[in-house]
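Taken in sequence, the protein lines are chains A and B. For the record, in the first sequence the residue sitting at position 183 is 241 according to this note's numbering, with numbers rising by one throughout. For the record, in the second sequence the residue sitting at position 26 is 84 according to this note's numbering, with numbers rising by one throughout. Backbone N, C-alpha and C define an ideal beta-carbon position, used for all residues, glycine too. First up is the structure itself, then whatever we jot down about it.
Number of protein chains: 2
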Amino acid sequence: MLNSVALKHVETLHCQSCKLAALCLPLALNSQDISALNEIIKRERPLRKGDYLFHQGDPFTSIYAIRSGTLKTSSLNSNGEEHIIGFHLPGELIGFSAMDLNAYTSTAQAQETTTVCEIPFDQLENLLERIPKLRRQLIHIMSREIRDDQNMMRLLAKKNAQERLAAFLINLSVRFHANGYSAHQFRLSMTRQEIANYLGIATETTCRTFTFLQQQGLIQVQGKYIQIMDAPSLCELSNR
Amino acid sequence: MLNSVALKHVETLHCQSCKLAALCLPLALNSQDISALNEIIKRERPLRKGDYLFHQGDPFTSIYAIRSGTLKTSSLNSNGEEHIIGFHLPGELIGFSAMDLNAYTSTAQAQETTTVCEIPFDQLENLLERIPKLRRQLIHIMSREIRDDQNMMRLLAKKNAQERLAAFLINLSVRFHANGYSAHQFRLSMTRQEIANYLGIATETTCRTFTFLQQQGLIQVQGKYIQIMDAPSLCELSNR
DNA sequence: CGTGGCCTTGAACCTAGTCAAGTCTAGTGG
DNA sequence: CCACTAGACTTGACTAGGTTCAAGGCCACG
């Protein structure tokens, strides 16, 4: 029989007790269905900063839910330059861009110590047969991803550097808040270079824009630590 | 009883005889399942140029498959400026960005005479229960959309004007070809202004870049008519 | 065959990129 | 614990690609 430490361990890693369930696949599932989902999920040891979850070109097997930490996904163009596709926080799912292929189209790397739940896709497909709400939730999450990507397309097509950075910070703020963290102060897990890459601007422009936003009294910057001083103005500047 | 003209009409509009089935939801379905899908699809009179299929904010009810013509989808930002999200050709599906909401997040407008198949989403969800392959195909199509959007993000974040336009033309060429049309010469259904808006550059830059690509011998431009003279070079320039 | 919108080209301007140099900071090893 | 160092961050100066403004030409459609 399991000792209490092991038991506690198992419970902590159960979808049913997961604080992120409301953001993730279990949303709206009953406890029996959550158990079924829980059964197929693999939980591995944490990734350390810099570790890779999967590489572009690896065989596609699973989607992943992030439990803690941050991941970035990126792809390489033909010149070998990196393009950062996104930063992913707890409660979010990744791996949706390869479901009709046999290989991941991006690389996923830990920005800090990160734990994930692996959801083998073939087993998930089996569950979709039996659990209509799970099917609906998966489609909803993918729909939301499409919408988010299209918002990002608008940012990249239409916004200037200030609007981009403001939108980035507001977006992060909202997502941290959804995870139960402060919406007003947080630590960036990514470098200025990575932010710049993601936002389609130069590293130097990113630095200057941080300085500018601080001079305007919208934010306080202390290296990676950001404090949002005037969220409404920042939001307005972001030109959503 | 139906007369022969009406009968022919019905046959022409059946998924089973549709030439675009291989690009659309029926892919890999057996004839019985295709019939079931066909049953729920509504086919309305063609849209004329400028007609709207749905507006941003309209209640979300259906996804649409394009049978003929071209649609553009766009959204308005807070300043009332339009951002074109995409141009959609026969065999493609639209309406995926609103499935977890109750309202469309974009406006769909016909670029020319256009016919669509309306697929009511609640009825589609019922079919997903019974037809595993349909489920898989829907997920595959959404996955592909995510991948395409992420490719567009890379274009907007990293490419200069020449690379953007080259990528745009190559992309159209491939999609026309998938529809059985020439990959080397085609008519653009959109204005220079719309291309510019979509690619995140100015109308004037688009014009100048068309001229430049023609001077380089990569394409021939005659108003809306484009001939691709050197696809490999154009493809290389696009920096995929 | 007239007209409005689309397309094209020129010229001036400006935002953001590039190059360069110096500072800061987190992580390492003595 | 502290000194060291590599990489991250910041700022300045200059440059360039693309935007904006302006004007004229070209269709397509009534």
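- Within chain B, the residues 205 have their CB atoms less than 7 Å from the CB of residue 163 of chain A, given in chain order.
- Contacts between residue 208 of chain A and chain B, judged by CB atoms closer than 8 Å, involve 133, 143, 155, 163, 164, 207 in chain order.
- Across the structure, residue 97 of chain A and residue 263 of chain A are spaced so that their CA atoms are roughly 47 Å apart.
- Contact check between the segment 111-124 of chain B and the segment 178-189 of chain B: three or more CB pairs, one atom from each, fall below 8 Å, which counts as touching.
- Residue 291 of chain B sits in a helix when the DSSP states are folded into three classes.
- Distance from the CA of residue 93 of chain A to the CA of residue 84 of chain A, rounded to the nearest whole angstrom, comes to 9 Å.
- According to DSSP, residue 178 of chain A shares a beta bridge with A/120.
- DSSP places residue 256 of chain B in the helix class (H, G or I) of the three-state scheme.
- Annotation: residue 249 of chain A is outside any beta strand (DSSP E) and is labelled neither H nor E by DSSP.
- With its beta carbon at least 9 Å from every one in chain A, residue 287 of chain B lies outside the interface.
- When Cβ-Cβ separations below 9 Å define contact, residue 202 of chain B makes contact with chain A.
- Counting only runs that start and end inside the segment 133-193 of chain B, the alpha helix (DSSP H) elements of at least 4 residues fall at 179-188.
- If you ignore the 5 residues before and after residue 256 of chain A, its C-beta comes within less than 6 Å of the C-beta of 142, all in its own chain and listed in chain order.
- Residues of the segment 181-192 of chain A with a C-beta atom less than 9 Å from some C-beta of chain B are 183, 186, 187, 190, listed in chain order.
- The C-beta separation of residue 284 of chain B from residue 244 of chain B comes to about 6 Å, placing the pair in contact by the 8 Å criterion.
- Taking the C-beta atoms as reference points, residue 147 of chain A is found no nearer than 9 Å to residue 199 of chain A.
- Our two residues, residue 223 of chain B and residue 168 of chain B, have alpha carbons roughly 22 Å apart in a direct line.
- Contact annotation for residue 198 of chain A against chain B: 157, 158 [CB-CB distance below 8 Å, chain order].
- For the pair residue 109 of chain B and residue 206 of chain B, the Cα-to-Cα distance works out to about 26 Å.
- Residues of chain B whose Cβ lies closer than 7 Å to the Cβ of residue 233 of chain A do not exist, since the nearest Cβ in that chain is about 16 Å away.
- With its beta carbon at least 9 Å from every one in chain B, residue 138 of chain A lies outside the interface.
- In this structure, the alpha-carbon of residue 214 of chain B lies about 9 Å from that of residue 212 of chain A.
- Per the coordinates, the alpha-carbon of residue 149 of chain B lies some 38 Å from the alpha-carbon of residue 78 of chain A.
- Taking C-beta separations shorter than 8 Å and ignoring five residues to either side along the sequence, the partners of residue 160 of chain A in its chain run 117, 118, following chain order.
- By the Cβ-count criterion, residue 208 of chain B is buried, with 16 or more other Cβ atoms from all chains shown falling within 10 Å of its own Cβ.
- Of all residues in the segment 213-226 of chain B, those with a C-beta nearer than 7 Å to a C-beta of chain A are 214, 215, 216, reading in chain order.
- Judged by DSSP secondary structure, residue 223 of chain A falls within the alpha helix (DSSP H) whose first and last residues are 219-236.
- Burial check for residue 201 of chain A: the Cβ neighbour count within 10 Å reaches 16 or more, so the residue is buried.
- Linking residue 73 of chain A to residue 95 of chain A through their CA atoms gives a straight-line distance of about 8 Å.
- Close partners of residue 258 of chain B in chain A (Cβ separation under 7 Å): 214, 215, 216.
- In terms of CA proximity to residue 290 of chain A, A/229 leads the group A/112, A/280, A/229, A/144.
- Within the model, the alpha-carbon separation for residue 80 of chain A versus residue 252 of chain B is close to 40 Å.
- The beta-carbon separation of residue 107 of chain A and residue 173 of chain A, rounded to 13 Å, does not stay under the 8 Å limit for a contact.
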